[in-house]
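Visitor: If you read the protein sequences in the order shown, they are chains S and R. My numbering numbers the first residue of the first sequence as 3 and each following residue consecutively. My numbering numbers the first residue of the second sequence as 372 and each following residue consecutively. Beta carbons are placed, not taken as given, at the ideal position from N, Cα and C, and that holds for glycine.
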Amino acid sequence: MKVIESSKIKEKAYIEELENGLKVIIIPKKNTKKKYVIWGTHFGSIDNHFIMPKTGEEVYIPDGVAHFLEHKMFEQPNGTNSLDTLMALGIDANAYTTNDHTAYLFECTNHFEEGLNELMDYVQHPYFTEENVEKEKGIIGQEINMYDDDPAWRLYMNAMDCMYEQNPIKIDIAGTIESISKITPDVLYKCYNTFYHPSNMTMVICGDFQPETMIEEVKKRLLPKENQGVIKRIYPSKENKIHKAFKNEKMEVSTPIFMMGYKDHENIKEDRVKKHIAIEILLNMVIGKSSKTYQELYTDGLLLAQPDMDYEFSDQYAHILISGTSKNPQKVMEQMTQTVNKMLQNGIEEEHFERMRRKVYGDYVVEYNNVGNIARMFLADTMKKVQSFDYIEKFETVTKEYTEQILEEVFQEENKILSIIEPNEK
Amino acid sequence: MNYQKEELKQGITLHQIQTQNYKTNLYAIFLATPLKRENVTLDALLAAVLRRGTQNLPSQEEISKKLEMMYGASFDCGIEKTGDNHIMKFYLETLNEEFLPSPENLTKQSIAILLDIVLNPFLENNAFKKEYVKGEKQNLRQIIEGKIDNKSKYAYDRCTEEMFKNKPYGLYKFGYIEDLEAITPQSLYVYYQELLKKCKIDIFVSGKTENNAIKEMITQNEMIQRLQARKPEYVVNNETTEEKQEDSPKETTESMQITQGKLVIGLDVKQTNQNSRFIASVYNAILGGGANSKLFQNVREKQSLAYTANSGYVRTKNSIFIRCGIEIDNYQKALDTIKQQLEDMKKGNFTEEDLQNSKELILSSIEGITEEQDTEITYYYGQELANTFVTIEEYIQKIKEVTKEQVIKLANNIFINTIYFLKD
Numbered sequence: 003m004k005v006i007e008s009s010k011i012k013e014k015a016y017i018e019e020l021e022n023g024l025k026v027i028i029i030p031k032k033n034t035k036k037k038y039v040i041w042g043t044h045f046g047s048i049d050n051h052f053i054m055p056k057t058g059e060e061v062y063i064p065d066g067v068a069h070f071l072e073h074k075m076f077e078q079p080n081g082t083n084s085l086d087t088l089m090a091l092g093i094d095a096n097a098y099t100t101n102d103h104t105a106y107l108f109e110c111t112n113h114f115e116e117g118l119n120e121l122m123d124y125v126q127h128p129y130f131t132e133e134n135v136e137k138e139k140g141i142i143g144q145e146i147n148m149y150d151d152d153p154a155w156r157l158y159m160n161a162m163d164c165m166y167e168q169n170p171i172k173i174d175i176a177g178t179i180e181s182i183s184k185i186t187p188d189v190l191y192k193c194y195n196t197f198y199h200p201s202n203m204t205m206v207i208c209g210d211f212q213p214e215t216m217i218e219e220v221k222k223r224l225l226p227k228e229n230q231g232v233i234k235r236i237y238p239s240k241e242n243k244i245h246k247a248f249k250n251e252k253m254e255v256s257t258p259i260f261m262m263g264y265k266d267h268e269n270i271k272e273d274r275v276k277k278h279i280a281i282e283i284l285l286n287m288v289i290g291k292s293s294k295t296y297q298e299l300y301t302d303g304l305l306l307a308q309p310d311m312d313y314e315f316s317d318q319y320a321h322i323l324i325s326g327t328s329k330n331p332q333k334v335m336e337q338m339t340q341t342v343n344k345m346l347q348n349g350i351e352e353e354h355f356e357r358m359r360r361k362v363y364g365d366y367v368v369e370y371n372n373v374g375n376i377a378r379m380f381l382a383d384t385m386k387k388v389q390s391f392d393y394i395e396k397f398e399t400v401t402k403e404y405t406e407q408i409l410e411e412v413f414q415e416e417n418k419i420l421s422i423i424e425p426n427e428k
Numbered sequence: 372m373n374y375q376k377e378e379l380k381q382g383i384t385l386h387q388i389q390t391q392n393y394k395t396n397l398y399a400i401f402l403a404t405p406l407k408r409e410n411v412t413l414d415a416l417l418a419a420v421l422r423r424g425t426q427n428l429p430s431q432e433e434i435s436k437k438l439e440m441m442y443g444a445s446f447d448c449g450i451e452k453t454g455d456n457h458i459m460k461f462y463l464e465t466l467n468e469e470f471l472p473s474p475e476n477l478t479k480q481s482i483a484i485l486l487d488i489v490l491n492p493f494l495e496n497n498a499f500k501k502e503y504v505k506g507e508k509q510n511l512r513q514i515i516e517g518k519i520d521n522k523s524k525y526a527y528d529r530c531t532e533e534m535f536k537n538k539p540y541g542l543y544k545f546g547y548i549e550d551l552e553a554i555t556p557q558s559l560y561v562y563y564q565e566l567l568k569k570c571k572i573d574i575f576v577s578g579k580t581e582n583n584a585i586k587e588m589i590t591q592n593e594m595i596q597r598l599q600a601r602k603p604e605y606v607v608n609n610e611t612t613e614e615k616q617e618d619s620p621k622e623t624t625e626s627m628q629i630t631q632g633k634l635v636i637g638l639d640v641k642q643t644n645q646n647s648r649f650i651a652s653v654y655n656a657i658l659g660g661g662a663n664s665k666l667f668q669n670v671r672e673k674q675s676l677a678y679t680a681n682s683g684y685v686r687t688k689n690s691i692f693i694r695c696g697i698e699i700d701n702y703q704k705a706l707d708t709i710k711q712q713l714e715d716m717k718k719g720n721f722t723e724e725d726l727q728n729s730k731e732l733i734l735s736s737i738e739g740i741t742e743e744q745d746t747e748i749t750y751y752y753g754q755e756l757a758n759t760f761v762t763i764e765e766y767i768q769k770i771k772e773v774t775k776e777q778v779i780k781l782a783n784n785i786f787i788n789t790i791y792f793l794k795d
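1) Can you tell me which residues form a DSSP beta bridge with residue 263(S)?
2) Between 795(R), 413(R), 551(R), 699(R), which lies nearest to residue 404(R) when the distance is taken from Cα to Cα?
3) Nearest-angstrom Cα distance between residue 6(S) and residue 16(S)?
4) Have a look at 281(S), 44(S), 154(S) and flag the residue whose alpha-carbon is nearest the alpha-carbon of residue 260(S).
5) Taking Cβ positions, are residue 386(R) and residue 561(R) nearer each other than 9 Å?
6) Could you please tell me which residues of the stretch 512 to 529 of chain R, in chain order, have their CB closer than 7 Å to any CB of chain S?
7) Report back the beta-carbon spacing between residue 638(R) and residue 554(R) to the nearest angstrom; my notes put them in contact at under 8 Å.
8) Apply the 10 Å Cβ neighbour rule to residue 191(S) and answer buried if 16 or more other Cβ atoms are within range, or exposed otherwise.
9) Per DSSP, which one or two residues make a beta bridge with residue 15(S)?
10) Just to check my reading of the structure: residue 444(R) and residue 425(R) have Cβ atoms closer than 8 Å, yes? What is that Cβ distance to the nearest angstrom?
11) Report the residue from 43(S), 358(S), 65(S) whose alpha carbon sits nearest the alpha carbon of residue 401(S).
12) Please name the residues in the stretch 472 to 488 of chain R whose beta-carbon is closer than 8 Å to at least one beta-carbon of chain A, in chain order.
13) For residue 575(R), list the residues DSSP reports as bridge partners.
14) Using a Cβ-Cβ cut-off of 9 Å, state whether residue 360(S) counts as contacting chain R.
15) Give the C-beta separation of residue 796(R) and residue 90(S) to the nearest angstrom, bearing in mind that I take them to be a contact with Cβ-Cβ under 8 Å.
16) Tell me which residue opens and which closes the alpha helix (DSSP H) that residue 164(S) is part of.
17) Does any residue of chain R bring its CB to less than 9 Å from the CB of residue 311(S)?
18) Which of the three DSSP states is assigned to residue 601(R) in this structure?
19) Rounded to whole angstroms, what is the Cα-Cα separation between residue 472(R) and residue 365(S)?
20) Would you tell me roughly how many angstroms separate the C-alpha atoms of residue 482(R) and residue 428(R), rounded to the nearest one?
21) Please determine if the stretch 738 to 754 of chain R and the stretch 619 to 636 of chain R are in contact, where contact requires at least 3 C-beta pairs separated by less than 8 Å.
22) DSSP three-state call for residue 673(R): helix, strand or coil?
23) Based on the DSSP output, what are the partners of residue 311(S) in its beta bridges?
24) List the whole-angstrom C-beta distance separating residue 432(R) from residue 340(S), where the pair is believed to meet the contact cut-off of C-beta under 8 Å.
25) Distance, Cα to Cα, residue 102(S) vs residue 422(R)?
26) Starting from residue 517(R), follow the alpha helix (DSSP H) in both directions and report where the run begins and ends.
27) Considering only residues of the stretch 191 to 239 of chain S, which uninterrupted beta strand (DSSP E) runs meet the minimum length of 3 residues and lie entirely inside it, listed in chain order?
28) Say whether chain R places a C-beta atom closer than 9 Å to the C-beta of residue 57(S).
29) Checking contacts by CB at 9 Å: is residue 430(R) closer than that to chain S?
30) Does residue 449(R) come out as helix, strand or coil in the three-state DSSP assignment?
31) Output needed in chain order: residues of the stretch 277 to 301 of chain S with a Cβ under 9 Å from some Cβ in chain R.
32) Which chain R residues sit within Cβ distance under 9 Å of residue 426(S)?
33) My parser needs the alpha helix (DSSP H) runs of 4 or more residues fully inside the stretch 414 to 480 of chain R; what are they?
34) Do we get a CB-CB distance below 9 Å when we pair residue 256(S) with the residues of chain R?
35) For the beta strand (DSSP E) that contains residue 39(S), what are its first and last residues?
36) Would residue 327(S) pass as an interface residue toward chain R - the criterion being a Cβ-Cβ separation below 9 Å?
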């Protein structure tokens with residue numbers, strides 16, 4: 003078992019790769035009553051074209067399969083639903099699907115053993131029939147309608163449409179009513195057999211546990227499976243340019259909402275964590291609470307709250323997103339752009355850099371307050387092929403000079419986009 | 372026990388929670404005052420203006436810079452209805468000093484800043500700063516107008532409004548546009564000074580700290596020393612402040628551009644027993660608490676009528692709200708199915724297993740109280756406002772003791788008050 007450690011925040015993680023390829027990460031937390039387990043497969047909404055390792059068959063799947071599969075995993079042949087079974091024990095269970103992974107999780111204070119039994123049982127036993135697949139289409143159809151009404155989701159999808167022409171990140175995670183109508187048990191089984199192989203999965207466990215015992219608990223619940231080769235995923239070729247600089251849509255909102263972004267030319271070789279830290283520092287410098295730009299926009303009533311800032315990245319995409327509410331999004335973008343340009347011209351200020359560095363450090367440490375956060379973070383980071391503790395441990399290596407270099411590399415005018423949702427005309 | 376409370380002066384209480392579980396310390400101050408139509412807008416505006424600047428840190432920029440240097444300490448404030456009280460909440464969270472890359476006294480700085488924001492605001496000409504009040508009025512206007520943005524929340528707020536028409540709890544926590552215009556920097560400051568003389572003040576500290584040292588820091592604070600003892604004005608939360616109706620339910624339908632309908636049903640719970648609030652929690656969990664609940668199973672799973680179907684119990688008002696996102700054409704079918712669930716509850720059409728499952732659900736959330744700093748603070752503050760003290764262990768015991776008979780008896784004392792539907 004490999005042990006990694008963060009001395010600054012006094013936490014350790016134990017990592018074991020089992021013979022069948024399953025990666026298990028255990029982060030012991032003394033004194034906490036809550037226990038959290040999350041089991042994820044590296045299969046998300048963008049994985050819609052691949053070659054099955056066993057048969058060599060090339061498969062195209064309809065949009066929304068990963069999410070559909072997630073819904074259907076809970077159903078058991080005896081008519082029970084694993085979500086109900088877990089809830090009945092007072093265990094809070096859930097699942098979710100993102101662009102790049104699907105995760106099944108539960109959190110509990112009591113009945114941990116039963117919870118682990120159930121989780122590991124249902125994730126290893128798919129049960130799809132014509133009938134239960136048809137029924138699910140109604141439920142997911144409602145969910146899709148709900149997303150269609152959600153201005154924040156439309157805003158994000160339109161931003162992705164600005165960034166990319168072909169990239170599968172543009173696919174709605176739940177698919178469309180039309181695309182899910184094509185889903186059959188056969189499609190679901192193909193995806194299950196390919197992506198739910200242990201070698202494509204990671205389990206993260208956080209709570210007051212003894213790591214060695216815990217590994218054994220996991221091992222004895224795993225079903226034997228033949229080894230499987232690497233899954234070849236096929237994606238459209240990378241696009242260097244943005245698709246379009248601007249998109250707007252009208253919906254029922256009181257004030258416009260906006261999402262501004264910079265597309266990044268993803269470079270897998272460089273240190274992603276270091277780059278991510280530098281970008282977070284930069285975003286805080288540009289539009290964080292104490293930044294001049296934010297203060298001015300706030301005083302002018304153009305921003306009500308600090309915009310949300312995010313850097314999303316995987317092997318297939320990388321971009322910065324800044325989103326918020328404003329009666330004049332164009333003006334907000336202009337001001338932010340000016341700030342970026344000034345920083346590009348004059349370099350960044352030492353005192354300001356130090357302040358944001360400290361703030362970003364604090365943000366990372368706070369993540370370790372909660373077992374759920376820790377487990378989800380380790381899983382999501384593993385899927386992105388980064389190591390969570392690095393955000394704390396590599397912190398010191400992010401210098402002002404390095405940050406300036408990232409600024410030049412990423413905040414480029416020709417890679418900028420803006421998506422807006424405007425109120426309907428009265 | 373890791374919780375201690377102590378009255379510093381009449382009406383001003385310090386609560387301390389010792390815990391090793393976090394990387395952070397959390398400090399909070401709550402000001403409680405009765406919900407009144409003429410004051411709600413003032414309360415909401417006040418919380419927003421206070422965070423703008425203090426005598427020592429006169430602008431938000433200065434405050435933010437200071438907090439950022441403290442390793443991204445985070446300040447937050449908000450306004451909430453708790454029973455018939457309006458609560459202005461102010462929080463400051465900082466890293467515990469143990470996890471800093473280099474040593475620094477963050478505790479002392481944190482307490483000073485939080486007290487400064489609430490009790491020592493930036494003033495000009497014996498009033499709040501004009502610019503701040505003007506800006507926050509605009510912001511608050513947008514927040515009030517933005518009520519329509521989140522459809523599901525909007526439907527819930529509207530149902531509450533209809534159910535508690537002309538009663539304190541029916542008021543919108545952010546206030547009203549028509550009251551906003553008349554507020555001036557002077558009138559707001561006069562209101563603030565009055566409020567500080569009468570409101571109930573509670574200070575919470577949670578984390579790995581030293582109780583005596585904290586108490587010392589707070590009692591030595593100049594602003595705290597200046598506050599007078601008071602017989603605090605607030606509404607004790609255990610008391611029922613309105614008659615529960617038994618006659619025919621009110622029905623309201625509204626239209627908006629929307630593809631999924633939002634159905635919210637407000638239920639009155641009549642007290643049947645001194646432990647009725649515990650019984651009502653169990654009733655609610657069976658009805659709509661989780662994936663095993665009657666609503667989830669019958670409205671969503673069996674009939675595919677809804678994507679969301681659940682219910683929530685508002686303990687301080689002894690009311691239950693059922694919330695569903697449904698296809699608009701399914702309105703009548705969904706409503707009938709929901710009514711059928713209420714009837715089934717009255718007849719005792721639920722199993723011993725349903726009862727046990729629901730208790731497990733509640734127990735696990737009770738056990739989770741000590742796993743989050745703000746949840747633990749909120750729990751003890753709820754006790755404080757209810758003027759009772761139930762430890763977490765007692766709370767668990769009370770839930771375990773609820774019987775099927777008690778739930779059935781309570782079910783027969785639950786009435787639909789309001790049916791609200793938001794459609795296209």
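Guide: If we stick to the structure as given:
1) 323(S), 419(S)
2) Considering only alpha carbons, the answer is 413(R).
3) 6 Å
4) 154(S)
5) no
6) Going along the stretch 512 to 529 of chain R in chain order, one finds 513, 516, 517, 519, 520, 522 with a Cβ nearer than 7 Å to chain S.
7) At roughly 36 Å, the Cβ-Cβ gap does not stay under 8 Å, so residue 638(R) and residue 554(R) are not in contact.
8) exposed
9) Per DSSP, the beta-bridge partners of residue 15(S) are 6(S).
10) Not really, about 15 Å apart at Cβ, beyond 8 Å.
11) Relative to residue 401(S), the option among 43(S), 358(S), 65(S) whose CA is nearest is 358(S).
12) Reference to chain A is not applicable here, since the protein chains of this structure are S and R.
13) 386(R), 399(R)
14) By this cut-off, residue 360(S) is an interface position.
15) Residue 796(R) lies beyond the residue range present for chain R, which begins at 372 and ends at 795; the question has no answer from this structure.
16) Boundaries of the alpha helix (DSSP H) around residue 164(S): 153 to 165.
17) Chain R places no beta carbon closer than 9 Å to that of residue 311(S), leaving this residue out of the contacts.
18) Correct three-state label for residue 601(R): coil.
19) 14 Å
20) 14 Å
21) With a cut-off of 8 Å, the stretch 619 to 636 of chain R and the stretch 738 to 754 of chain R do not count as touching, because too few Cβ pairs lie within range.
22) helix
23) 324(S)
24) Contact between residue 432(R) and residue 340(S) is absent: CB atoms are separated by about 18 Å, not below the 8 Å threshold.
25) 40 Å
26) Element bounds for residue 517(R): n/a, residue is neither H nor E.
27) 203 to 209
28) Residue 57(S) does not count as touching chain R.
29) Cβ-Cβ to chain S under 9 Å: yes for residue 430(R).
30) Strand.
31) 286, 290, 291, 292, 293, 294, 296, 297, 300, 301
32) 628
33) 431 to 440
34) Yes, because at least one Cβ of chain R sits closer than 9 Å to the Cβ of residue 256(S).
35) Element bounds for residue 39(S): 37 to 43.
36) Yes - at least one Cβ of chain R is within 9 Å of the one on residue 327(S).
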